[in-house]
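Chains as they are written, first to last, in my numbering: chain A, 3 to 405; chain B, 33 to 327; chain C, 363 to 713; chain D, 23 to 278.
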Amino acid sequence: MTLVRKITSLFAGAGMLVAASGAALAQEKTVKVGLLSDFSGVFAQLAKDVEDAWMLALEERGGMVAGYKVEIVKEDSENSPQAAVQKANKLIKSDNVTIFGGSISSGVGIALAGVADKEKTPYVAGFSIADALTGKFCSPYVARTSFSANALQAAAGAYWAKKGVKTAVFMGPDYAAGQAMLAGFKNGFEAAGGKVVLEELTPFKTTKDWGPSLLKAQQTGADMIYTFYAGSEAVQVVKQHAAFGMQEKMPLRGAMWIYDEALWDAMGGVEIGAIHVTNYTNALDTEASERFEKAFEAKYGRLPVASNAMGYTNAVAIFDGLAKAIEDNGGNLPEDKSKIIAALASLKLYSDPRGPVHFNSSNNAMQDELYMVQIVKGDDGKPHHKVIDTLPYGEDLPGCNMQ
Amino acid sequence: MTFFLFNLLNGLQLSMLIFLMAIGLTVIFGLMDILNLAHGAFYMAGAYFGYVVFQATGSFWIALAIAPLLPLVLGFLLQYFVLQPLIDRGRSAHLDMALLTFGLLFFTIGLIDLVFFETLGLTFMSIDKPAGLGSYVNIGTFYPSYRLFIIAVGLLVALIVWLLLERTVVGAVVRAGVDDREMVRAMGVNVYVVFASVFALGCGLAGLAGVIAGAELSINITMGVQILIPTLVVVVLGGLGSVKGCFFGSLIVGMTETLSQAYVPALALFATYLILAAMLVFRPQGFFGRTPKSV
Amino acid sequence: MENTDDDSWHPLVEGDESRHDPMDRAAARDQRRFLTIALIGLAVLIALPFVVGDYYVSLFSEILIFGILVSGVNLLLGYTGLVSLGHASFMGLGAYVTAIAASLLGYPVWLSMLASILISLLIAYGVGLLSVRTKGVQFLLITLAFGQMFHAIAEKTRFTGGDDGMTNIPRIDLGFIGLDADQDRVFYFFVLVCFVVAMLILRRVVESPFGRVLVGIRENEKRMLAMGYTTFPYKALAFGISGMLAGLAGSLWVQHGFFVNPHIMTWELSGEALLMVIIGGSQSFFGPVLGAAFYVLAKDLLSEITEAYLMFFGLIFVLVVAFFQGGLAGFASRFAERFLNRKSDGGEDKP
Amino acid sequence: MSQLSVSDISKSFGALKVIDKFDLDLAVGERHAVIGPNGAGKTTLFNMISGWIPPDTGRIEVEGLDITGRSPQAVTQAGLARSFQKNTLFDGLTVAESLRLAVQAHSPVRFNFLQPARKFGGLQQRAHEIARQMELETVFDRDVNTLSYGQKRQLEVGIALACSPKILLLDEPAAGTSPAERATLVRLLTTLPDDVTLLLVEHDMDVVFGVCERITVLNYGRVVASGTPDEIRRDPEVRAAYLGESAGHAGEAGKA
């Protein structure tokens with residue numbers, strides 16, 4: 003199937019003449035949507051989660067938006083900006099997608115924002131949380147359905163300071179996202195009276211041993227360690243933190259990635275009592291989240307996790323944004339594709355599983371709902387999430403200057 | 033002061049893990065002139081197979097005992113049936129074998145990705161530490177007992193390798209071969225079996241390192257490449273083919289990585305490479321390498 | 363020892379310096395062969411964008427860019443016998459210089475490109491001076507070490523966005539001939555021009571007395587020393603030229619994707635460049651380009667089927683190293699010879 | 023002034039004294055052989071003179087120019103070229119290419135990297151001359167690895183000769199050759215240009231006595247005797263130390 007598509011697209015240039023004459027014959031109107039995500043590499047699991055959620059959202063809409071049949075074209079950005087740019091070009095130029103989304107990595111997200119702006123094709127980031135994406139690199143063709151690094155971590159920082167935590171060590175990978183998370187946490191934590199006593203950034207992807215960093219953290223005698231690690235790095239930090247016997251003395255806190263459900267097995271069982279901040283958990287009991295949970299479980303036979311919810315909102319925003327743009331344009335896709343992003347950004351997603359979320363019109367960035375979650379032992383003896391608090395969304399960093 | 037001592041322990045732990053990898057690589061190079069870049073693949077094979085055995089039996093110790101056998105056997109087959117025949121057919125051992133095993137590393141990574149992730153849907157795996165080693169001991173501060181175990185295994189392997197090489201007939205053959213490859217042929221030993229066995233043992237040790245690391249770190253697709261680079265650095269620092277150099281090279285790399293991370297984090301990314309580059313510029317044969325024979 | 367009709371070869375005939383030397387039949391034959399392949403290849407490359415779809419135009423731009431990179435890598439690997447695992451860092455260097463000069467400092471892109479070429483030549487030459495004192499495995503590792511250090515610097519540099527990198531980098535301004543390089547077909551032809559120029563320069567280099575010295579070093583460096591060659595500066599300059607081509611490729615790459623970040627400097631890309639060279643054929647001038655084309659196109663096809671395409675490349679690579687040392691180019695030339703020999707009883711060629 | 027002057031050089035590897043206070047003076051055009059049993063230090067001596075191993079003490083001069091401790095390439099550029107006991111050739115190249123490289127090493131165009139080498143026809147002609155001189159004309163365009171062993175030995179000498187040396191050091195050129203190949207070799211060596219000084223290490227007495235006018239005998243790193251072939255043949259110490267059985271045989275060969 004796909005091979006046939008490749009080969010026909012190889013000769014699309016020559017084929018265009020033929021296609022033009024035959025175009026009038028097409029009865030059904032279709033709109034192509036690109037799902038470009040990190041299906042291989044360290045974020046492969048997250049990308050799969052996003053894809054599952056997309057398919058659910060599409061199914062709920064009967065595969066249609068505003069009279070157009072939706073065709074999803076899936077591509078792998080390999081957790082590499084280079085590959086992402088190449089695949090985005092393919093989606094835009096070979097597959098002629100109207101809009102694309104789903105990305106995970108922040109680096110990929112920023113690269114894609116550049117392509118979207120250049121090619122004037124809408125792009126909706128699903129998981130790429132770099133502040134710059136809706137700051138310095140914002141564009142009328144770019145929107146984001148995830149929180150920004152600063153907003154999440156500033157909110158979490160403020161929360162912990164107010165809870166009486168006076169000193170904290172920040173640990174994270176030494177690359178853009180880690181630095182952004184550190185800055186965000188520090189903003190919120192120190193504004194609310196806390197003090198970051200050690201900023202420990204470890205070489206990204208090359209660190210094999212967190213022992214030196216954990217020892218350094220111990221030296222400070224801080225009240226807690228706040229971290230931003232994901233995937234295999236998260237597994238190793240959590241395991242080593244426990245192995246150094248620090249769980250009692252200096253608890254490890256962070257955002258959802260550090261205690262991601264997908265990592266629990268690899269951690270050799272997650273620590274009961276661990277607390278982290280998130281924008282979704284299947285322990286939420288709002289009407290919208292219950293509905294999403296049931297629908298997801300019916301389709302996949304398991305409970306959704308945060309990355310599923312992120313992917314779901316991403317897909318809903320794209321599909322409903324498309325529908326709105328088509329309806330506003332009298333039943334046809336608008337020529338000017340920035341109108342799609344404008345339509346999307348005007349959506350009010352009051353019944354999103356994550357809570358009542360909406361876009362900030364000045365930079366097309368979603369303003370999220372945030373929850374503090376604790377891992378508890380459920381009645382079945384297995385670990386579960388429990389919402390222990392809700393907290394106000396922090397602020398996106400300024401820097402967007404959209405013309 | 034204790035901070036420094038515990039950092040030394042951490043450094044020693046990392047050194048020993050790297051040593052388990054590097055010792056095989058350097059002896060293989062010394063004896064057969066093969067730079068086995070697929071060594072990282074054997075490390076992965078040990079870790080992934082260890083995970084499978086662990087899942088099946090629930091025992092760390094059984095995994096530790098059985099899993100290294102897979103890379104051991106694969107290593108023997110690879111050397112005996114693929115690499116050696118190619119060398120005999122006139123392929124330059126030095127360059128072609130490095131390239132070939134490099135391809136093999138890519139192949140293994142792809143294969144593992146296909147089987148474990150694309151087919152089985154497993155991304156992050158880990159082997160549970162055995163009871164007794166899963167916790168920490170109080171030696172001034174809490175220190176993970178498993179790290180002490182790694183240090184012990186590393187030192188033990190170093191001792192065994194040393195005894196094997198210095199005190200056994202096979203060891204004498206291998207030592208002679210590292211010094212002068214032609215001499216082994218002249219000794220009337222079945223060189224190919226010796227070669228393949230040494231190759232296999234090296235791969236088995238890499239697999240052992242994989243299982244051990246699988247319980248301390250996490251088992252994932254990038255682990256092989258991640259460990260390969262410091263291992264290569266060790267082998268070059270110590271001098272290609274030098275066992276003593278390998279041991280001290282491991283200490284240098286492990287300590288550099290640990291101490292730079294503890295004291296000068298800004299340099300952590302560079303430190304090892306700086307040492308490597310400086311050494312190659314000023315002493316290309318390594319700290320314990322023989323000075324290249326004249327001409 | 364048959365005579366071809368146009369070369370009236372005899373040892374006693376005086377060398378005629380205005381033409382190519384009549385005695386040097388191998389060089390003449392090689393030159394004919396080069397021109398034939400080059401002209402056919404060029405015709406195909408010019409016709410291509412009129413036949414294939416938009417996406418493939420941009421994919422072929424990529425092939426040409428990688429073609430420049432791997433031809434440079436092959437100057438070391440195939441001609442000099444040195445395996446470098448650090449060339450991605452020179453590509454990255456070229457990319458960053460163009461990005462910084464054009465995007466941050468606002469210089470015109472053509473000037474930024476020149477800067478990329480010069481700076482990567484100089485830095486690669488410097489790295490070469492330090493690296494070529496070693497050979498074999500040590501050389502492989504020292505180039506890796508330098509590459510990793512460059513990568514670390516790129517990661518740590520804040521004004522280039524660290525790991526995020528830089529985006530919205532402009533392409534060359536071709537307004538003076540009324541063209542817009544933002545259109546992919548136009549940009550493709552610009553890349554093609556750069557590619558042709560790079561290949562012509564490289565051809566000159568490998569054909570020159572200097573190039574012959576490199577081959578001698580590959581075959582037997584000890585003998586070269588005994589002949590009186592100080593081989594060190596030759597190798598360092600070869601490294602410099604090779605790094606310069608990588609820099610040019612990087613400068614084009616950043617314009618192609620409007621984007622650069624430190625991932626372009628990872629040693630994995632250096633490794634992929636080696637894959638391309640070996641699969642294409644390191645013993646042949648155009649082999650690496652063929653390898654780049656194969657790699658990019660096959661990856662594009664394979665990635666439709668599985669994300670684990672590395673497995674296939676690993677396997678192909680192993681087979682080529684083990685059994686088909688000539689690579690794709692060796693295959694093609696053997697095929698062509700059989701075909702030509704059947705038509706006319708021509709002399710045998712050495713690949 | 024002598025062409026090559028070696029004075030008082032010594033070399034030890036560890037406790038082993040390989041060369042002990044060796045002296046040698048070669049006049050222009052002299053044909054000189056160094057003989058001695060295996061392990062006498064001949065190859066070490068050669069490696070020192072040609073720059074591959076620095077001597078511990080002593081001094082080596084080419085036409086009065088001190089080359090002690092200089093690199094092999096510098097020594098060759100000073101006019102002293104050597105061949106190797108074990109074939110050290112370019113297996114992947116043709117005879118023509120090999121010889122041309124040697125010629126080019128002593129031409130100012132060697133670092134030219136932007137003009138095609140074929141423009142410099144002189145290199146090719148000189149290479150061909152050498153090939154003719156070494157009787158390699160018929161295999162001029164053949165790959166080196168397709169040559170017979172004897173032809174490879176001829177090429178060994180040819181490459182050294184193509185460096186246009188004032189002094190030619192040949193390290194056992196006849197090693198491993200057949201009697202017929204040896205005869206060819208003797209013929210070629212006797213026709214070397216008169217102004218080329220020749221220093222030869224050789225086991226085969228047919229070659230030594232056939233080519234050389236002076237002989238130095240080395241044993242355990244020390245000069246045992248030095249003189250004309252006749253003197254050497256008669257020298258009782260040499261007979262005892264080295265020539266032994268083969269003395270008579272060599273003597274006959276010398277007369278033949």
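Idealized CB from N, CA, C, for every residue including glycine.
Given residue i as reference, the closest of the options once Cα atoms are compared
| i | options | result |
| --- | --- | --- |
| residue 46 of chain B | B/273, B/270, B/178, B/299 | B/178 |
| residue 60 of chain D | D/229, D/251, D/223, D/249 | D/223 |
| residue 646 of chain C | C/387, C/396, C/472 | C/396 |
| residue 390 of chain C | D/124, D/186, D/163, D/89 | D/163 |
Cutoff 7 Å: residue i Cβ touching any chain C Cβ
| i | result |
| --- | --- |
| residue 23 of chain A | With a pLDDT of only 42 at residue 23 of chain A, under 50, the local geometry of the prediction cannot be trusted, and no value is derived from it. |
| residue 367 of chain A | no |
| residue 130 of chain D | no |
Closer than 7 Å to chain B by CB, residue i
| i | result |
| --- | --- |
| residue 338 of chain A | no |
| residue 514 of chain C | yes |
Closer than 7 Å to chain A by CB, residue i
| i | result |
| --- | --- |
| residue 301 of chain B | yes |
| residue 158 of chain B | yes |
| residue 174 of chain B | yes |
| residue 282 of chain B | no |
| residue 195 of chain B | no |
| residue 620 of chain C | yes |
Local conformation of residue i per DSSP, three classes
| i | result |
| --- | --- |
| residue 434 of chain C | helix |
| residue 83 of chain D | strand |
| residue 314 of chain B | helix |
| residue 113 of chain A | helix |
| residue 128 of chain D | coil |
| residue 324 of chain A | helix |
| residue 345 of chain A | helix |
| residue 497 of chain C | coil |
| residue 290 of chain B | helix |
| residue 164 of chain B | coil |
| residue 687 of chain C | coil |
| residue 536 of chain C | coil |
| residue 411 of chain C | helix |
Whole-number beta carbon distance between residue j and residue i, since they are thought to touch under 8 Å
| i | j | result |
| --- | --- | --- |
| residue 504 of chain C | residue 496 of chain C | 6 Å |
| residue 456 of chain C | residue 612 of chain C | 3 Å |
| residue 262 of chain A | residue 236 of chain A | 7 Å |
| residue 401 of chain A | residue 120 of chain A | Their Cβ separation, rounded to whole angstroms, is 20 Å, which puts residue 401 of chain A and residue 120 of chain A out of contact at 8 Å. |
| residue 221 of chain D | residue 84 of chain D | So it is not a contact: roughly 12 Å between Cβ atoms. |
| residue 534 of chain C | residue 472 of chain C | 6 Å |
| residue 193 of chain D | residue 65 of chain D | 7 Å |
| residue 136 of chain B | residue 70 of chain B | 4 Å |
| residue 216 of chain A | residue 242 of chain A | 6 Å |
| residue 591 of chain C | residue 572 of chain C | Incorrect: roughly 11 Å between the Cβ atoms, too far for contact. |
Below-7 Å beta-carbon distance, residue i vs any chain D residue
| i | result |
| --- | --- |
| residue 697 of chain C | no |
| residue 395 of chain C | no |
### Message
Going residue by residue through the region 67 to 131 of chain B, where are the continuous alpha helix (DSSP H) segments of at least 4 residues, counting only ones entirely within it?
### Response
Runs of the alpha helix (DSSP H) inside the region 67 to 131 of chain B: 71 to 89, 92 to 98, 101 to 109, 116 to 120.
### Task
Go through the region 134 to 213 of chain D residue by residue and report every complete run of the beta strand (DSSP E) that reaches 3 residues or more, in order.
Listed in chain order, the complete beta strand (DSSP E) runs (minimum 3 residues) inside the region 134 to 213 of chain D are 189 to 193.
### Task
Kindly provide the ranges of any beta strand (DSSP E) runs that are 3 or more residues long and lie completely inside the region 99 to 149 of chain A, ordered along the chain.
If we require 3 residues or more, the beta strand (DSSP E) runs fully inside the region 99 to 149 of chain A come out as 101 to 103, 125 to 127, 144 to 146.
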